[in-house]
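Position 102 (the sequence shown) corresponds to 249 in the numbering used here; numbering is contiguous. For glycine and all other residues, C-beta sits at the position ideal for the given N, C-alpha and C. This report concerns only the one structure given below.
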Amino acid sequence: MNQKLNNIKKVLVRFSSGRFSSATDAEVYRWLLDDEDHSEKEQAIQALWDESVRETARTEASGSQWDAFRASCGKAGSASAGRSIRFLRFWQSAAAVLLAGIFVLAFMKFEKPAIENDLVQEHTPIALTHSFLLPDGTQVQLNSESTLLYPDKFSGKERSVYLMGEASFKVAHDKEHPFVVKGDDFRITALGTEFNVSAYSNDDEVTATLLNGSVMVEYEDLQKKSILKPEQQLVYNRKSHEVSLRHPVLDDVTAWQRGELVFSRKTVADILRVLEHKYDYDFIYSSSTLSGDTYVFRFRDNAPLQEVMAVVRDVSGAIDYEIDGNICRVRAI
148 MNQKLNNIKK VLVRFSSGRF SSATDAEVYR WLLDDEDHSE KEQAIQALWD
198 ESVRETARTE ASGSQWDAFR ASCGKAGSAS AGRSIRFLRF WQSAAAVLLA
248 GIFVLAFMKF EKPAIENDLV QEHTPIALTH SFLLPDGTQV QLNSESTLLY
298 PDKFSGKERS VYLMGEASFK VAHDKEHPFV VKGDDFRITA LGTEFNVSAY
348 SNDDEVTATL LNGSVMVEYE DLQKKSILKP EQQLVYNRKS HEVSLRHPVL
398 DDVTAWQRGE LVFSRKTVAD ILRVLEHKYD YDFIYSSSTL SGDTYVFRFR
448 DNAPLQEVMA VVRDVSGAID YEIDGNICRV RAI
């Protein structure tokens with residue numbers, strides 16, 4: 148690895164571990180968007196992302212051995228498990244930050260916007276949601292563990308924002324300046340409208356649901372597009388590249404805004420991925436061992452995790468779980 152690439156990696160590692168001030172964070176994002184050393188920055192981000200995936204897989208794979216390890220080592224085993232879980236948590240956090248860099252760089256391939264204003268980063272931690280206004284008056288509700296990047300003042304022909312996670316938008320009408328939501332491998336363009344976008348980095352599917360108005364969804368390297376009508380939902384699978392149009396129950400789509408949990412035809416693995424965003428717990432499980440059967444669940448506003456897991460266990464009959472402090476271990480039975 149050349150020295151320049153090594154130096155870029157060091158900056159990104161410091162960035163992902165939260166060692167910079169908020170002002171410096173903004174400068175790092177601007178640096179990522181800059182054309183200078185674009186290839187080296189992309190290589191460094193990809194290398195760190197690959198490392199994070201390998202480390203997460205290694206730690207997750209060993210999760211099923213915790214009980215045996217604790218039994219043989221007593222308290223020492225428990226302490227080691229805690230350190231490994233915290234290490235996994237760091238890599239998950241680092242991967243999320245690096246993914247922000249990856250999708251920003253990805254957009255530079257499609258277009259090179261002139262970003263003259265400072266970038267603002269809105270991030271919602273696990274178990275919380277956040278509502279705020281964009282500079283143009285657009286209302287945003289950001290779901291837990293989601294990040295939105297936008298300029299402190301919109302300029303140019305478009306009002307562009309960058310989303311990683313899930314958010315609902317009530318767009319301020321301005322037919323001369325389309326409102327655009329961008330993410331990894333998708334782009335949604337709207338005028339005056341209300342829609343919901345779910346695009347978490349650990350989900351295979353990107354989902355766009357139109358509540359009212361009209362939006363155009365572009366996907367698959369922006370080579371394909373669909374126009375949505377009110378109450379339509381487009382689901383794009385990043386792995387299979389399959390696209391489907393659905394007519395969901397809109398109350399289910401917006402349930403997260405009211406603190407509710409709704410699962411429709413979801414596997415246990417799908418459910419656990421959502422719970423990881425909703426609850427501030429470390430979930431330890433192996434996706435490959437879980438059943439592919441699907442279930443329908445609806446939970447009241449801010450239901451405790453213990454209640455949710457008990458219902459999933461009893462109805463599915465396919466898992467057992469243990470909650471110890473802020474750790475939730477799930478195993479197939």
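- In the DSSP assignment, Asp398 falls outside any beta strand (DSSP E) and lies within the alpha helix (DSSP H) extending over 397 to 400.
- For Gly330, the pairing in a beta bridge is given by DSSP as Phe333.
- Ranking Asn349, Gln288, Leu310, Arg412 by CA distance to the CA of Glu423 puts Asn349 first.
- A contact is defined here as three or more CB-CB pairs under 8 Å, and the region 402 to 416 fails this definition with respect to the region 359 to 379.
- Apart from the 5 residues on each side of it in sequence, Val458 sits with its Cβ closer than 7 Å to the Cβ of Phe444 in its chain, given in chain order.
- Ile466 sits in a strand when the DSSP states are folded into three classes.
- Short of 7 Å from the beta carbon of Arg460, and not among the five residues preceding or following it, lie these beta carbons of its own chain, in chain order: Ile466, Asp467, Tyr468.
- When C-alpha distances from Val327 are compared across Ser293, Leu281, His394, the shortest belongs to Leu281.
- Counting only runs of 3+ residues, the beta strand (DSSP E) found wholly inside the region 410 to 452 occupies 429 to 431, 442 to 446, in chain order.
- One Cα belongs to Pro395, the other to Gln370, and the distance between them is close to 26 Å.
- Taking C-alpha positions only, Asn153 is separated from Ala191 by approximately 8 Å.
- Take the alpha-carbon of Glu454 and the one of His277: they are about 24 Å apart.
- 8 Å or more divides the Cβ of Gly303 from the Cβ of His320.
- Contact check for Leu357 against Phe333 fails: the beta carbons are separated by 8 Å or more.
- When DSSP states are grouped into helix, strand and coil, Arg478 belongs to the strand group.
- Shown here, Val318 sits in coil according to DSSP, grouped into three states, outside any helix or strand.
- For Pro298, the enclosing beta strand (DSSP E) starts and ends at 293 to 298.
- Distance from the Cα of Leu397 is smallest, within the candidate group Ile480, Ala355, Thr414, for Ala355.
- Note that the C-beta distance between Lys413 and Tyr432 is not below 8 Å.
- The beta-bridge partner set that DSSP reports for Asp471 consists of Ile474.
- DSSP places Thr354 inside the beta strand (DSSP E), whose first and last residues are 352 to 359.
- Within the same chain, Cβ atoms closer than 6 Å to the Cβ of Leu275 are found at Ser291, the five residues on either side in sequence being excluded.
- The Cβ-Cβ distance between Val415 and Ser435 does not fall below 8 Å.
- In the assembly as shown, Glu313 is a buried residue. Its beta-carbon has 16 or more other beta-carbons within 10 Å.
- Check the Cα spacing between Lys372 and each of Val390, Thr294, Lys188, Ile418: the tightest is with Val390.
- In the DSSP assignment, Ser278 is bridged to Gln288.
- Boundaries for Asn349: no beta strand (DSSP E) harbours it, and the DSSP string shows neither H nor E there.
- By the Cβ neighbour-count rule, Arg393 is exposed, with fewer than 16 other Cβ atoms within 10 Å of its own.
- Straight-line spacing of the CA atoms in Cys475 and Lys317 works out to 36 Å.
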